[in-house]
Every structure is written in structure tokens, then in C-alpha cells.
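Data block below; observations after.
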Amino acid sequence: MSDPVLSIRKLTKRFGGLTAVNAVSWDVYPGEVVALLGDNGAGKSTLIKCVSGVYQPSEGEIFFAGKQVHFSKPIDSRSAGIETIYQDLALANNLDVPANIFLGREVKHRYLGGLIRTLDERTMRSESQTALDALEIHFPTLTQPIESLSGGMRQAVAIARAVYWKARLMIMDEPTNNLGVPEQQKVLDLIRRLRDSGVPVILITHTLPDVFAVSDRLMVMHRGRKVTEKRTSDTNTEELVGYMVGVRDDTRAA
Amino acid sequence: MAVQPSEAAPPAGGRPAQLSPGKRFLVTVSGLWAWLFLALMILFFVVTVPVFSSATFVTVRNSQNILVAIVPIVLLGLGQTFVIISAGIDLSVGWVMSLGSVLSALAIRDSYNMGAPIWLAVILGLLAGALGGAAVGIINGTIIAKLKVPAFIVTLGTSFIVRGMALLMSENTTVIGLPDIRAYGNESLLYYVRGAGGGFYFLQRPQLATDQLRQLDRILPWPVVVTAVVVAIVMFILHRTQFGRHTYAIGGNLEAARRAGIPVDRRIIAIYALSAATAGIAGFLSTLQYTAGSAVIGDSLLLSSIAAVIIGGVSLFGGAGTIMGTVIGSLIIAVLTTGLVMLNVQAFWQFIVVGTVVIVAVLIDQSRDLIVGRNERGSET
């Protein structure tokens, strides 16, 4: 296998006396979908928030694309190429698709030497169209507020935005939550397509069918520790539940 | 398989992306309802006013009176539109207008007394009103954005402070002793003299005998022209610039705006500064019109301006609205008020009618949201 995109070494995060993440080491490689599993409070969100710059690790190191990184703010990890899509998607539902894809990074016309700058709607629309086409996402129209779109379609907008801005690692938090079944399938398709285009995806979930549907590898956390790391094809639902509830533990056996 | 609008069965959490033609027609109509309402109202007064009095409703003079009357409501409403689209509220605009009136009157009087030519004194007055207002807005915005105090409370507090300051500076509610600035406040772009030997006069007021004065109409008085320019500028800012786009984004989803890297705090401060600056300009214009500064001029205007904004379709939840809507909302209020006066309806009825229109406007907006199945903003999954 090639070099890992993301490499976490003995990462620990404490909140006062509570150790939320305990000396976790983990690698994510290009072109794979890895699932991060665990019960509520297992520490998976905390681990991910250390990677996306929301929290700073108490101990341990993070390497991204071969270089050690210290993210003090979420924007730092984003500019390095790590896009995190949370359950709330971070979209402005009152704005249309191009406005959301270019939110905060609008393309502008410049007049009078940059003194007057107006939004370049046409460029943003055509670029958005290109980005959506690349992911084979089809919308009837781009110019209506996305609040009229379904949950799955908005999920697609969030993914397209991340891809357009050259995400090199995508972290998705429960992406199929609150979606109907057909929409879930479409989002999973999108995740596969992301992987095929070379963007690795970390999938945080406790929906086991999703794990078996799209992931190549998986890692399970329990009470802040990594209890196992496996190829998805080497395990089954029963075994995973055992790891998630703490009955099975590879580190203890060893 | 591509992600497409669910044609066959819309999933549980989803809504159909396409509306039926009938519904789309309804949405279009409800989007234009403010225009329709304005047109119907004018029609109503055109028909009824001659029945109840000897006057006609649509005259040059009457239309210009209405335009002059809406100047303060429009100006206060413009800034308020930005604030409410960003999901805030600015309760200080009325009394900031009073402060702007006092500050500009003081600037005009004192600079003139120190030897400045009148045109310079007037420009200094404009700057004093606009910048004095903006300073209040920057304080509002900073407390709201940085200290996370709700806008309602911050602007309520500053409005009292500003009122006190305006009263103190005016010394006795009114600043008098201004030089003759009627040429700026009461003159207009065009003049029209009715009757024989009449006609249009551009920029220059015709010399008329006293008995002819009743035949003189002032078309586009300066305050209206200034307001039109301000309307054009803020329309450009809201609908064509990044700042405007960010205003909508902040009102639509503050957290998303923050995560997208928008400098949210700076934007909020600028939004409140803009709101207070337009209120200050309104104060300056009233000083020109009355050749005096007044610390009470904006007393009754806060709620009228909010009413205009709401009638114009700006959502109090933030994220939606236009400048044109606010202008139309102001026009509706002014046409209503003028028309009722001409019908000899007792003035107190105006309040009852305007209040009803505000509620009906919101009901129409909500029914449109029901049709398109819009979600409650902020509670997205």
C-alpha cells in the first residue's frame, strides 16, 4: 500500500479528569473508505474533532500527507484539505446551490482596480454545474434555495462543495441519518464515487449496514480506546457489535 | 446511479423538488402580492376619493407628497432590511435618526458660524449625521457580535442612551439658528407650473407671482433624490456584492457561515453600522427639510419602518427579503395613510389599518412557505 494520507500516532485527548481518547494510532490510505465505529461516548467524535481542528490533542501526533500538522482552528484543517461534513451539513438553506458551494469563497468581478467588486454569478453557476457533473449529481435547477431540496440532495451539495475545493480527505459524520432509504443509497453511491476519484473517506457511523455497503476497512473504538481495526470483508455484524459494546477487545487479548 | 430528484417516491425526509404549475403560479402571485396590493389600493383611492371629496387621488402634487412622506420610513427600513435579513433586529433606528438630526444641525450651524460656505456646511452636516449614526451602529454590532448579547437587548439599551444624548446635545429638543438651507431641503430636481404659460423647469425654481404659487408642483424634491440614490446603493450592496451574500448567509445559517470562513463578527458589525448610518442620513434630511435639528423627530418611526420591512416580505427569522420589498412596503403605508386622510377618515384609523396590513402580509408569506414546504430555518437535519 502507498503512504497513508492521514496518520494518527498515540493521540490522547483529556477533558479534565476524563480521557475521551486514549492513545489511539490509526492510518487512512488513499482511495479507501474507512468506517469509524463505536457506541455513543466511545470517543469517535472527539478523535475526529482533533483531526478537523475543533479540539487540540493533549498528547500524540497527527500527520497529514506526510507532514506533521497542528490545527488550532477548523479553518486550518480545511485549508490543508480535510473537509468535515457534519450532520447539519453547514449549508445556508435560504441560498441556492452555487451560493452554497462558493459560500465564503465567492468569485468576484473587479471594477475600478478592485474598488468595486460584484459577485460573478455566472462563473459560480457554471463551475458548480461542472462540479456536480463530475460527481454525476443532477439537479433540475441550481437557482432555487436549497431548502426546497431533499435531505439527500443537500448532502450531495455539501459533498460537491468539499470536492470542488479540492478536499484530500473527507470526513462524514452519520451521512445517512434522517434520510429515506432510496436517498441513503444515493449518498452511499456518492461515497463510492468519491473513493474512486481518489479522495479517501472516513465514515463515522453506527449504522452497520452502511459499513458493510461502502467501507473497505473499519476501526472500532470503545471508551476512548481503539479496540480493533479490520478489513470489512473479514468481519460480520455480530462480531462488530461485540467490539462496540466492549465484549470483544483485540488489545486486551494481545 | 446518479443522485436525482426522487421521481417515483419522495423519501420520508425529502420533499419534491418540483412544484406543480398551479402551485408555482400561487407562489409567483404571493411573491408579487405587495405590488398587487399597492396597485389595488391606488385603484381603490382613485375611485373613492372623488366620491367623498372634491379632490383627485392621483396628482403630481399628491404623488410627490407621498414620496416626501416615505423618505424617513424608507431610510430607516433600508438598514433594518439588512439587519433583519441577518436574523437580527435594530430597535435604535428611530432615536439614531433623532441623534443624526441634532448632530447634522449642530455641524451645519457651527461650521457656518465659523465661516464655512453653505454647501460645505451642508456636506459636513451629512457627514455628521451619517458618521454619528454609524458610530452608534458599530457599538451595537460589536456588543452583539463579540459579547454575544441579543440584538434586541443591545439596541434597546443603546436607543435610550442615544435618545438621552440627542436631548442633551440639542439642549431643548430643537437646534435652531441654522443658516438658510431651504435650497437644499425644500427645492427639487424639476418644477412644473400648471396652466397657461406654465411648463417644466429643470433645477431652477421659476419666479412666480403669489397667486400663481398654487400652480407650482415640485417634482423629485432633493430628499427624495438623495433617498433614491441611497436605495440604489444599498440595493447594489445587498444583491450584487459579497457583503450582501454574506448577510443572507448569516441570517440563513450563522454556524454554516462561520464554518465557511465568513468573518461573521466583522459582517455583523458592518450590518449594524449600515443600519445606523442610513438612520443618521434620515436625520440629516429632516434637518434640511425643517431647517432645524430635532431630538424627537424619529420618535414614532421605529415601528413604522419595521412594519414597512415586514409588509415588504422580509422574514423576521432572517435569511429572506429584498430592498425593493421594503420600498414597496413603505409606499403601501404612505399611500394608505394619505388615501385615508383624503377620504376624511379620522386619522386614528390609520393605525388600525396599517396594523391589519402587517398581519395579513405575514400570513401571506407564511402560506407561501406552506406551499413550497419550506422548513423552519435552523432546525435542519
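Just so you know, the protein sequences line up as chains A and B, in that order.
Each residue of the first sequence is one higher than the one before, counting from 0 in numbering that gives the first Met the number 0.
Each residue of the second sequence is one higher than the one before, counting from 0 in numbering that gives the first Met the number 0.
Heads up, the beta-carbon is just placed ideally off N, CA and C, and yes, glycines get one too.
In this text, all values refer to a predicted model and were calculated from it rather than measured experimentally.
Own chain residues within Cβ distance below 6 angstroms of residue i, not counting five before or after
i: glutamate 6 (chain B); result: In this prediction, glutamate 6 (chain B) scores a pLDDT of 36, lower than 50, which makes its location untrustworthy; the coordinate-derived value is nonetheless stated afterwards. For glutamate 6 (chain B), where only same-chain residues beyond five positions count, there are no Cβ hits under 6 angstroms.
i: threonine 58 (chain B); result: none
i: glycine 87 (chain B); result: Ala150
i: leucine 131 (chain A); result: Ala159
i: isoleucine 261 (chain B); result: His245
i: proline 10 (chain B); result: Unreliable positioning characterises proline 10 (chain B) in this predicted model, as indicated by a pLDDT of 36, which lies under 50. The coordinate reading is nonetheless provided below. None.
i: isoleucine 142 (chain B); result: Val148 and Val153
i: serine 303 (chain B); result: Ile72
i: alanine 241 (chain A); result: According to the sequence displayed, residue 241 (chain A) carries glycine and not alanine. Closer than 6 angstroms at the Cβ level, and outside the excluded window around glycine 241 (chain A), lie Arg247.
i: isoleucine 331 (chain B); result: Leu37 and Ile310
i: arginine 8 (chain A); result: Ser24, Gly59 and Glu60
i: histidine 336 (chain A); result: In the structure displayed, chain A extends from 0 to 253; residue 336 (chain A) sits before or after that span and is not available.
i: tryptophan 32 (chain B); result: Ile363
Beta carbon proximity, residue i to chain A, threshold 7 angstroms
i: isoleucine 175 (chain B); result: no
i: leucine 369 (chain B); result: no
i: glutamine 241 (chain B); result: yes
i: glycine 407 (chain B); result: In the structure displayed, chain B extends from 0 to 380; residue 407 (chain B) sits before or after that span and is not available.
i: asparagine 252 (chain B); result: yes
i: glycine 21 (chain B); result: no
i: alanine 306 (chain B); result: no
i: alanine 106 (chain B); result: no
i: glycine 318 (chain B); result: yes
i: alanine 86 (chain B); result: no
i: alanine 360 (chain B); result: no
i: alanine 276 (chain B); result: no
i: alanine 269 (chain B); result: no
Interface flag, residue i vs chain B, CB-CB below 7 angstroms
i: asparagine 39 (chain A); result: no
i: asparagine 235 (chain A); result: no
i: alanine 89 (chain A); result: yes
i: glycine 103 (chain A); result: yes
i: threonine 129 (chain A); result: no
i: serine 6 (chain A); result: no
i: threonine 142 (chain A); result: no
i: threonine 206 (chain A); result: no
i: aspartate 248 (chain A); result: no
i: threonine 117 (chain A); result: yes
Residue from the options whose Cα sits closest to the Cα of residue i
i: alanine 134 (chain B); options: B:Leu102, B:Ala120 and B:Ala231; result: B:Leu102
i: valine 27 (chain A); options: A:Val68, A:Ala157, A:Gln184 and A:Val200; result: A:Val200
i: isoleucine 72 (chain B); options: B:Phe350, B:Thr355, B:Gly338 and B:Ile305; result: B:Ile305
i: serine 52 (chain B); options: B:Leu339, B:Phe347, B:Thr355 and B:Val359; result: B:Leu339
i: isoleucine 65 (chain B); options: B:Arg217, B:Ser169 and B:Asn171; result: B:Arg217
i: phenylalanine 316 (chain B); options: B:Ser85, B:Gly21 and B:Ser187; result: B:Ser85
i: serine 187 (chain B); options: B:Val223, B:Leu253, B:Leu126 and B:Phe44; result: B:Val223
i: leucine 102 (chain A); options: A:Asn92, A:Arg109 and A:Leu111; result: A:Asn92
i: asparagine 343 (chain B); options: B:Thr27, B:Pro49 and B:Trp34; result: B:Pro49
i: threonine 325 (chain B); options: B:Phe56, B:Leu202 and B:Gly76; result: B:Gly76
i: threonine 286 (chain B); options: B:Gln79, B:Asn185, B:Ile137 and B:Ile249; result: B:Asn185
i: arginine 213 (chain B); options: B:Gly194, B:Val82, B:Leu119 and B:Leu219; result: B:Gly194
i: phenylalanine 62 (chain A); options: A:Leu10, A:Thr236 and A:Val226; result: A:Leu10
i: aspartate 264 (chain B); options: B:Asn61, B:Ala278, B:Ala248 and B:Gly279; result: B:Ala248
i: glycine 176 (chain B); options: B:Ala346, B:Ala104, B:Ala319 and B:Leu202; result: B:Ala104
i: phenylalanine 44 (chain B); options: B:Ala275, B:Thr337 and B:Thr355; result: B:Thr337
i: alanine 175 (chain A); options: A:Ser232, A:Trp164, A:Asp188 and A:Gly223; result: Looking at the sequence shown, residue 175 (chain A) is not alanine but threonine. Of the candidates A:Ser232, A:Trp164, A:Asp188 and A:Gly223, the one whose C-alpha sits nearest the C-alpha of threonine 175 (chain A) is A:Asp188.
i: aspartate 195 (chain A); options: A:Asp249, A:Asp209 and A:Val213; result: A:Val213
Contact set for residue i: own chain, Cβ-Cβ below 7 angstroms, skip 5 residues either direction
i: isoleucine 406 (chain B); result: No information on residue 406 (chain B) is available, as it lies outside the stretch 0 to 380 that chain B covers here.
i: valine 352 (chain B); result: Leu335 and Leu339
i: alanine 360 (chain B); result: Ile309 and Ile310
i: proline 144 (chain A); result: Asn92, Asn93, Leu94 and Asp95
i: leucine 207 (chain A); result: Thr236 and Leu239
i: phenylalanine 211 (chain A); result: Thr231
Identity of the residues DSSP links to residue i by a beta bridge
i: serine 187 (chain B); result: B:Pro220
i: aspartate 172 (chain A); result: A:Ile203
i: arginine 224 (chain A); result: A:His221
i: phenylalanine 62 (chain A); result: A:Ser6 and A:Gln67
i: phenylalanine 14 (chain A); result: A:Leu17
i: tyrosine 110 (chain A); result: A:Ile115
Heavy atom of the ligand ZN within 6 angstroms of residue i beta-carbon
i: aspartate 38 (chain A); result: Judged by which ligands are present, the structure shown has none, so any question about the ligand ZN falls away.
Quiz item: Would you say the stretch 63 to 77 of chain B touches the stretch 300 to 316 of chain B, given that touching needs at least three Cβ pairs under 8 angstroms?
Solution: yes
Quiz item: Three or more C-beta pairs closer than 8 angstroms, one from the stretch 37 to 46 of chain B and one from the stretch 222 to 236 of chain B: is that the case here?
Solution: no
Self-check item: Stretch-stretch touch, CB-based, cutoff 8 angstroms, three pairs: the stretch 88 to 96 of chain B with the stretch 289 to 297 of chain B
Solution: yes
Quiz item: Just by C-beta distance, which residues in the stretch 65 to 97 of chain A are closer than 8 angstroms to chain E?
Solution: Looking for chain E here will not work: the only protein chains present are A and B.
Exercise. Flag this pair as touching only if the stretch 215 to 226 of chain A and the stretch 32 to 49 of chain A have three or more C-beta atom pairs under 8 angstroms; answer yes or no.
Key: yes
Quiz item: Taking three-plus beta-carbon pairs below 8 angstroms as touching, is the stretch 64 to 72 of chain A in contact with the stretch 142 to 156 of chain A?
Solution: no
Quiz item: Between the stretch 113 to 127 of chain A and the stretch 273 to 288 of chain B, do at least 3 Cβ pairs fall closer than 8 angstroms?
Solution: no
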